[in-house]
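**Student:** Protein chains in written order, with our numbering: chain A, 29 to 255; chain B, 29 to 255. Glycine included, each C-beta is placed from N, C-alpha and C at the ideal position. Bear in mind the structure is a predicted one, so any value in this text is a computation, not a measurement.
There are 2 protein chains.
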Amino acid sequence: MKKAVVLLSGGIDSSTTLAVAKAQGYELYALSFDYNQRHRIELESARKIAKALEVKKHLVIRFDLREIGGSALTSETEVSKSEPQSRQSQIPITYVPARNTIFLSFALSWAETLEAGDIFIGANAVDYSGYPDCRPEYLRAFEEMANLATKVSVEGKIKFRINAPLLYMTKAEIIRKGTELGLDYSLTWSCYDPQPDGKPCLQCDSCRFREKGFKEAGVKDPLASQS
Amino acid sequence: MKKAVVLLSGGIDSSTTLAVAKAQGYELYALSFDYNQRHRIELESARKIAKALEVKKHLVIRFDLREIGGSALTSETEVSKSEPQSRQSQIPITYVPARNTIFLSFALSWAETLEAGDIFIGANAVDYSGYPDCRPEYLRAFEEMANLATKVSVEGKIKFRINAPLLYMTKAEIIRKGTELGLDYSLTWSCYDPQPDGKPCLQCDSCRFREKGFKEAGVKDPLASQS
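#1: Going along the chain, which residues of its own chain have a beta-carbon closer than 6 angstroms to the beta-carbon of P250/A, five neighbours each way excluded?
#2: Against chain A, with Cβ distances strictly below 8 angstroms, would S255/B count as a contact?
#3: Looking at C-alpha atoms only, which residue of I40/B, A100/B, P224/B is the closest neighbour of K240/B?
#4: Select from the segment 79–96 of chain A all residues with a C-beta closer than 8 angstroms to any C-beta belonging to chain B, and list them in chain order.
#5: Out of curiosity, what's the CA-to-CA distance linking A139/A and K179/A?
#6: Does the distance from the C-beta atom of A153/B to that of P164/B stay below 8 angstroms?
#7: In angstroms with no decimal places, state the Cα-to-Cα distance between F148/B and V107/B.
#8: I want to verify the contact list: residues of chain A whose CB lies under 9 angstroms from the CB of T105/B, in sequence order.
#9: Helix, strand or coil for L36/A per DSSP?
#10: Strictly below 8 angstroms CB to CB, what residues from chain B border W138/A?
#11: Within 8 angstroms (strictly less), CB to CB, does Y166/B reach chain A?
#12: Considering only the beta carbon of each residue, do L59/A and A151/A sit closer than 8 angstroms?
#13: Quick check on the burial criterion: 16 or more other C-beta atoms within 10 angstroms. Buried or exposed for M29/A?
#14: Closer than 7 angstroms, Cβ to Cβ, to anything on chain A: give me those residues from the segment 168–187 of chain B, in chain order.
#15: Alpha carbons only, please: which of P120/A, H67/A, A51/A, I203/A is nearest the one belonging to E183/B?
#16: Return the first residue and the last residue of the beta strand (DSSP E) that E55/B is part of.
#17: Which value, in whole angstroms, describes the spacing of the CA atoms of Y123/B and P228/A?
#18: At 7 angstroms on the CB atoms, spell out the chain B contacts of S133/A, in chain order.
#19: Can you tell me whether DSSP reads F91/A as helix, strand or coil?
#20: Quick one: which chain A residues come within Cβ less than 7 angstroms of R45/B?
#21: Report yes or no: is there a C-beta of chain C within less than 8 angstroms of the C-beta of T141/B?
#22: Classify T105/B as buried or exposed, calling it buried when 16 or more other Cβ atoms lie within 10 Å of its own Cβ.
#23: Mind listing, in chain order, the continuous beta strand (DSSP E) runs of no fewer than 3 residues lying wholly within the segment 138–170 of chain A?
#24: Around the Cβ of A51/A, are there at least 16 other Cβ atoms within 10 angstroms (buried) or fewer (exposed)?
#25: Measuring CB to CB, does T216/B end up less than 8 angstroms from V247/B?
#26: For I119/A, return the contacting residues in chain B, with the cut-off set at a CB-CB distance below 9 angstroms.
#27: Step through the CB atoms of chain A and report whether any lies within less than 8 angstroms of the CB of D161/B.
#28: For R68/B, which three-state DSSP category applies?
#29: Do you know how far the Cα of M197/A is from the Cα of V48/A?
Encoded structure:
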């Protein structure tokens, strides 16, 4: 059975990506990160999703990106709620410096140990909100670097592929895809700014993208109906 | 004053790299990792070297690579002492899957936050013991990826350079260079297998490379004279 390492934050995109990899017949190794993000509550969702999709192993790597800083997601800076930050020309304050590079590097390390040639990431370039490390050219460059970085690739045993199956899908298409695959979106988490009562704020960019996505998909958000 | 992020393990190569960056006039930001390596004692050396070379900041990022495994350095597997593993055709068991990629990714994240264009790594391709992520083609691929990965590079503010000033130097040349620059090698640590009394084993590959390097450089190892 072919193996895949799948980055899993617990949000809509990574959870759908896990469901896509499962549908493609991979043995799943889900990888999450506790990087002291303000919305660490998403890790609970990652655990639930990993369990629901019967992954072979779910690994949570811990480190503290607050020590490095540079983002509203790893500081007490308020995340934007005043105006949508979806313009391609602007990189939002929720950008975390080199986050996907760090995540993919750990995925590569684990993939090499497992001898898994496929790494999956829920990167998206359509409802893309300006993150440089979600673009196809970045993912290609990472893949090229990965194949020069590792023992198994240099020895010719494995050629790594960075799979981003949602890259050219809208949020609505992603939600329709996951729904088709039977994914239970009530288990996912999107909000960047969880409220004291543990509910999503419904005002941050991520909550807005979620709401818009479900609306356009013509699907009821099971999480919204709980709140 | 131009800034540099310098990877610092506390060994000869990274310490000399820090001294080279200092001599080139950079404001220094030293970055070390506590990844549950069996020779965590090297972090003490990193702290001493960082202090001696008056870095602006020394950051130690913690995570646990034992959870990923795949290396004698992050497991209880015995590190090789029977035969030297310096042949280019063999990758030693002390190789840690994608380690430099993980280290450089954190360096990139910090460099972006600091707006530092230069990252220094003590990679070496001569006394090179088979690590794929020490080769020039790997470092070039990482640099290319880095410049597609980050907000500051995509916005054209910074072009990242991965500097590996020791890349084509022998261990003896490295030691001579550091000695010229006034580096105190008694503060460094090389051994992969620290003994219960806190002294180097003098038998592992890293101890042997160190001994050979000092001998060829015609310099007395201040650490050896202490033991």
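**Tutor:** According to the structure shown:
#1: Y213, S214
#2: Its pLDDT being 49, under 50, S255/B is placed unreliably by the model, and the measurement read from it follows with that caveat. So no, S255/B is outside the interface.
#3: I40/B
#4: L87, I89, R90, F91, D92, L93, E95, I96
#5: 11 angstroms
#6: yes
#7: 27 angstroms
#8: What T105/B touches in chain A: nothing, since even the nearest Cβ is about 13 angstroms away.
#9: coil
#10: I96, P125
#11: yes
#12: no
#13: exposed
#14: A169, F170, E172, M173, L176, A177, T178, K179, V182
#15: P120/A
#16: 55–62
#17: 43 angstroms
#18: A126, T129, I130, S133
#19: coil
#20: Note on residue identity: the sequence assigns Thr, not Arg, to residue 45/B. Under the 7 angstroms cutoff, chain A gives no residues; its nearest Cβ is about 19 angstroms from T45/B.
#21: Among the protein chains of the structure shown, namely A and B, there is no chain C.
#22: exposed
#23: 146–148
#24: exposed
#25: no
#26: K179, V182, E183
#27: yes
#28: coil
#29: 13 angstroms
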